[in-house]
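Visitor: Got a structure here, written out as structure tokens. Questions coming.
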Amino acid sequence: ADDAAAARRREAGEALEGDGTPRPASVGIALHGLWDARCTLINELHLPPDALPLMAPGSYFRTGSASGLGWGIGVGLGIRMAAPERTVIAVVGDGAFLFGNPLVVLWQSLAGELPLLLVVLDNSGMASIRAQVRKAYPDGAAVRRDDFVFTDLSPSLDLAAVARAAGARGETVERASELEGALRRGLDAVRSGHAALVHVKLGATSAATTSATSAAVTPDASAREPDNAKQRVARFVEARGREQRFAPRELLFAAGAPADGLHFVSRGNVKIVQAGAQGKETVVRIAAAGDIVGHRSIFSLARYRASAVALEPVTTRFVAKADVMRLLADEPSFAAMLLQKLSEDLSATEQRALYFHQLNVRERVCALLLMLNKSHGARQADGTWRIALRLTRKELASMVAAAMENVVRVLTELRKAELIREDESVISILDVARLEAMLPGAS
């Protein structure tokens, strides 16, 4: 068991690498070196607990992240009051911290002589709420648009200054290398009778971690068991994956390049393209946040069979092929997920082939717009649907295997018929029912 725990700590320790910004796993690693038998951890965030020796009764408290947000810091006061010999460490997100009435907690800590260490992991949002929306509505507009209303907490407040104003020690951390020192100083303050707050500003990697694995491997935010299969997969991707960012039109990988891993898309849209016999580009599919890119080639081919290109600023976590194979061996649920994605891809390919053989250009364009609306559309207040993609006419033409001038003509006709609206390469469907009626077989 000790060897397994050490292995998990080594795995989590890799989260310290990369761009140097802190991640939840970084906090666990830093706390491990400061932990003693009197410490109690309150975890109101997806802090991976594997790095800590949480074996003794009373050393660990956890609740569902998306119900009763703000529970953690108040519970910390209660535990400190009930067990004054304990060193209480409450690790919470910035949303949970704000919901927990922090000024009252800090005042009560001072007035009641109940020192505790508050560690606030700031991702400028409420990731737990986003995770619950993904779980309840995996095909909903919020997930398709990657736009979760009322969960954005930017700009970030200076929480360390808030703590100092309330008589506590306050410190801000923006680099993983600074974590252990800041936590040590905070614990020293608590052990000398003063409350302390460490404000940890997570980087873009951690802010997107819950959505990085998104619909594919999003952890169940309300799960109480720390060994849930989805959580293990998500932790694996977090620990073994490497954040990569791409500018619009930048290649994630090129056809013919060695198929050396998978990209877990956490932000933005990616087009998968193949070149035909005459070198003409065909857009095979559009991958959005929550999708996996590269899975068609990694298992059966030594090289990627298609290219992946960012349509807009894109962030992914790249997991090397050897680590993917290891995850497949350890987690049957991950293998089942990939099989499901391959099946969905095959079904979409078969449907596209049917359209190309049986529909004319006008019908193919209508069918494509309806498919894109299903995967990337968002209903607007006026009842229209906005397809959250910026596609050029050339890209649309390649997706329906038609000449660009013919696609332009069809789009013009649809616009004049008030079926669609175009705004800077973004298409909105004004009447879905009428557009569906353009297809053969529609009643």
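In terms of the working numbering, the numbers along the sequence shown are unbroken and rise by one, the last being 543.
For each residue, glycine too, the CB sits at the ideal point set by N, CA and C.
Quick caveat, the model's predicted, so the values are computed rather than measured.
Within 10 angstroms of the Cβ of Gln458, are there 16 or more other Cβ atoms? Answer buried if so, exposed if not.
Guide: Its Cβ having fewer than 16 others within 10 Å, Gln458 is exposed.
Visitor: Could you work out which residue in Leu297, Gly178, Gly281 is closest to Gly193 when comparing CA atoms only?
Guide: Taking only the C-alpha atoms, the option nearest Gly193 is Leu297.
Visitor: Helix, strand or coil: how does DSSP classify Arg405 here?
Guide: The answer is coil: DSSP assigns Arg405 none of H, G, I, E or B.
Visitor: Taking the alpha-carbon positions, what's the Ala323 to Lys235 distance?
Guide: Residue confidence is low: Ala323 scores 34 on pLDDT, short of 50, so the model does not pin down where it sits. Its coordinate-derived value is still stated next. Each residue's Cα considered, the two are about 12 Å apart.
Visitor: Alpha carbons only, please: which of Asp445, Glu278, Arg396, Ser528 is nearest the one belonging to Gly120?
Guide: Here the closest residue by C-alpha is Glu278.
Visitor: Grouping DSSP H, G and I as helix and E and B as strand, with all else coil, what is Lys171?
Guide: The displayed chain sequence assigns Trp, not Lys, to residue 171. Trp171: helix per DSSP, three-state reduction.
Visitor: Would you kindly report the start and end of the unbroken alpha helix (DSSP H) that includes Leu469?
Guide: 461-476 is the extent of the alpha helix (DSSP H) around Leu469.
Visitor: Please determine if the segment 334-344 and the segment 407-426 are in contact, where contact requires at least 3 C-beta pairs separated by less than 8 Å.
Guide: The segment 334-344 vs the segment 407-426: in contact.
Visitor: When DSSP labels each residue in this structure, what does Arg324 get in the three-state scheme?
Guide: Confidence at Arg324 is low in this model, with a pLDDT of 33, below 50, so its placement is unreliable and no value can be given for it.
Visitor: With the cut-off set at 8 Å, would you say Ala410 and Ala347 are in Cβ contact?
Guide: It is a contact, given that the beta carbons lie within the stated cut-off.
Visitor: Going straight from the alpha carbon of Ala295 to that of Ala436, what length do you get?
Guide: Roughly 47 Å separates the two Cα atoms.
Visitor: Going by C-alpha distance, which of Asn369, Met181, Gly195, Thr251 is nearest Arg244?
Guide: Taking only the C-alpha atoms, the option nearest Arg244 is Asn369.
Visitor: Using 8 Å as the cut-off, can you tell me whether the segment 248-256 makes contact with the segment 221-230, which would need three or more C-beta pairs spanning the two stretches below that distance?
Guide: Touching, per the Cβ criterion.
Visitor: Does the segment 504-521 come within contact of the segment 383-396, defined as at least 3 CB pairs closer than 8 Å?
Guide: They do not touch, by the three-pair rule.
Visitor: Kindly confirm or deny that the segment 275-292 and the segment 124-143 touch, where touching means at least three C-beta pairs closer than 8 Å.
Guide: Short answer: they touch.
Visitor: Below 8 Å on the Cβ atoms is my contact criterion, and I expect Arg396 with Asp445 to pass it. Report the Cβ-Cβ distance as a whole number of Å.
Guide: About 7 Å; that satisfies the 8 Å criterion.
Visitor: How many angstroms separate the CA atom of Glu536 from the CA atom of Leu470?
Guide: Their backbone Cα atoms lie some 7 Å apart in a straight line.
Visitor: Assuming Ala295 is part of the alpha helix (DSSP H), what are its boundary residues?
Guide: First-last for Ala295: undefined, no H or E at that position.
Visitor: What do you reckon, are the CB atoms on Val191 and Leu154 nearer than 8 Å?
Guide: Not closer than 8 Å, so no.
Visitor: Which stretch, first to last residue, makes up the beta strand (DSSP E) that contains Trp485?
Guide: 485-487 is the span of the beta strand (DSSP E), which, as asked, contains Trp485.
Visitor: Go through its chain and collect everything with a Cβ distance to Met504's Cβ below 6 Å, but skip five positions before and after it.
Guide: So the list reads Arg493, Lys494, Ala497, once near-sequence residues are dropped.
Visitor: Cβ of Glu412 within 8 Å of Cβ of Arg490?
Guide: Taking 8 Å as the Cβ cut-off, Glu412 and Arg490 qualify as a contacting pair.
Visitor: Which term fits Leu519, buried or exposed, when burial requires 16 or more other beta carbons within 10 angstroms of its beta carbon?
Guide: Buried, because 16 or more other Cβ atoms sit within 10 Å of the Cβ of Leu519.
Visitor: From the DSSP output, which residues share a beta bridge with Leu351?
Guide: DSSP lists Val409 as partners of Leu351.
Visitor: Residue range of the beta strand (DSSP E) that Gln480 falls in?
Guide: That residue, Gln480, is in no beta strand (DSSP E); it is neither H nor E in DSSP.
Visitor: Per DSSP, which residues does Leu221 bridge with? Please list them.
Guide: According to DSSP, which records beta bridges pairwise, Leu221 is partnered with Gly193, Val300.
Visitor: From Pro432, Pro157, Ala429, Asn143, pick the residue whose C-alpha is nearest to that of Gly174; which is it?
Guide: Ranking Pro432, Pro157, Ala429, Asn143 by Cα distance to Gly174 puts Asn143 first.
Visitor: Taking the C-alpha atoms as reference points, what is the distance between Pro326 and Ala354?
Guide: Any reading at Pro326 needs caution, since the residue's pLDDT is 37, under 50, leaving its predicted position unreliable; the model's value is listed next. Roughly 38 Å between the two C-alpha positions.
Visitor: What does DSSP give as the partner residues of Thr140 in its beta bridges?
Guide: BP columns for Thr140 point to Val188.
Visitor: To the nearest angstrom, report how far apart Arg335 and Gly158 are at their CA atoms.
Guide: Roughly 25 Å between the two C-alpha positions.
Visitor: So is Ser311 buried or exposed if we call it buried at 16+ other beta carbons inside 10 Å?
Guide: Its pLDDT being 39, under 50, Ser311 is placed unreliably in this model, and the coordinates cannot settle the point.
Visitor: Can you tell me where the beta strand (DSSP E) holding Ser366 begins and where it ends?
Guide: Element bounds for Ser366: 361-367.
Visitor: Mapping the DSSP letters down to three states, classify Glu280 as helix, strand or coil.
Guide: In this structure, Glu280 counts as helix in the three-state DSSP scheme.
Visitor: Can you tell me which of Asp239, Pro149, Gly212, Thr415 puts its alpha carbon nearest to the alpha carbon of Ala182?
Guide: Among Asp239, Pro149, Gly212, Thr415, the Cα nearest to that of Ala182 is on Gly212.
Visitor: Closest to Val461 by CA distance: which of Asn506, Leu442, Ser447, Ser443 is it?
Guide: Selected option, being the one with the closest Cα: Asn506.
Visitor: I'd like to know whether the C-beta atoms of Val300 and Val333 end up nearer to each other than 8 Å.
Guide: No. Outside cutoff.
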